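Reviewing the structure listed below.
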Amino acid sequence: MRSCLCPGSFDPITNGHLDIIERATTIFDHVVVAVLHNPTKTGLFSALERVELARAATAHLPHVEVRSFANMLVVDVAKECGADVILKGLRSEADYAYELPMATANRQIGQIETLFLPGDLARGHLSSSLIKQVAELGGDVTEMVPPPVHTALRAKFVTSR
Ligand code: ADP
Numbered sequence: 009m010r011s012c013l014c015p016g017s018f019d020p021i022t023n024g025h026l027d028i029i030e031r032a033t034t035i036f037d038h039v040v041v042a043v044l045h046n047p048t049k050t051g052l053f054s055a056l057e058r059v060e061l062a063r064a065a066t067a068h069l070p071h072v073e074v075r076s077f078a079n080m081l082v083v084d085v086a087k088e089c090g091a092d093v094i095l096k097g098l099r100s101e102a103d104y105a106y107e108l109p110m111a112t113a114n115r116q117i118g119q120i121e122t123l124f125l126p127g128d129l130a131r132g133h134l135s136s137s138l139i140k141q142v143a144e145l146g147g148d149v150t151e152m153v154p155p156p157v158h159t160a161l162r163a164k165f166v167t168s169r
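Shown next as structure tokens:
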């Protein structure tokens with residue numbers, strides 16, 4: 009059985025992340041989505057909320073497991089999950105420039121390969137931070153996030169206004 013690790017902050021999970029995860033399930037038998045968080049940094053959603061949203065967004069995918077990890081190296085998370093490779097989505101050359109040193113370091117310190125999957129061009133503009141900015145100012149993000157995330161964003165920003 010071949011498995012991959014899809015690590016990230018997922019604050020919150022977007023349709024860009026979901027595209028990569030769905031396509032990963034066509035290549036790997038098992039996909040672990042690792043929600044990584046740093047307890048000293050505050051995101052919009054708590055670690056528990058991010059996990060719950062990622063689980064709701066991937067509920068239709070039987071071979072996907074969502075787990076949460078704090079303050080751990082990705083290579084250690086991969087080992088703990090029994091993942092064979094790390095899988096990352098690439099939106100642009102900027103993503104590649106950012107990811108390449110991390111992939112090299114992870115191979116050096118953890119003897120694990122990173123595979124890159126090209127992102128869907130139609131979702132290349134999607135990032136959690138852009139979506140949070142749009143949602144905070146009342147913009148429509150329906151097409152950008154899975155329905156449970158849309159509901160959660162509305163709840164966050166409607167109650168904070
Ligand atoms: P980070 O915590 O490094 O900011 P994210 O949680 O935003 O990471 O994303 C995790 C992974 O998902 C990264 O590899 C990132 O390149 C990828 N990703 C994010 N958005 C998209 C998208 N729209 N299309 C393809 N891949 C994406």
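Numbering (my numbering) for the sequence shown: 9 to 169. Cβ atoms here follow ideal geometry from the backbone N, Cα and C, with glycine treated the same way. The structure presented is a predicted model; accordingly, all values stated were derived computationally and were not measured.
- Val-166 sits exposed, since fewer than 16 C-beta atoms from the chains shown fall within 10 Å of its C-beta.
- DSSP places Ser-100 in the coil class of the three-state scheme, outside both helix and strand.
- The three-state secondary structure of Val-157, taken from DSSP, is helix.
- According to DSSP, Gly-16 shares a beta bridge with Val-43.
- In the pairwise beta carbon analysis, the region 134-141 is classified as not touching the region 100-110: fewer than three pairs are separated by under 8 Å.
- With a threshold of 6 Å, the Cβ atom of Ile-94 does not count as near the ligand ADP, since no heavy atom of the ligand is closer than that.
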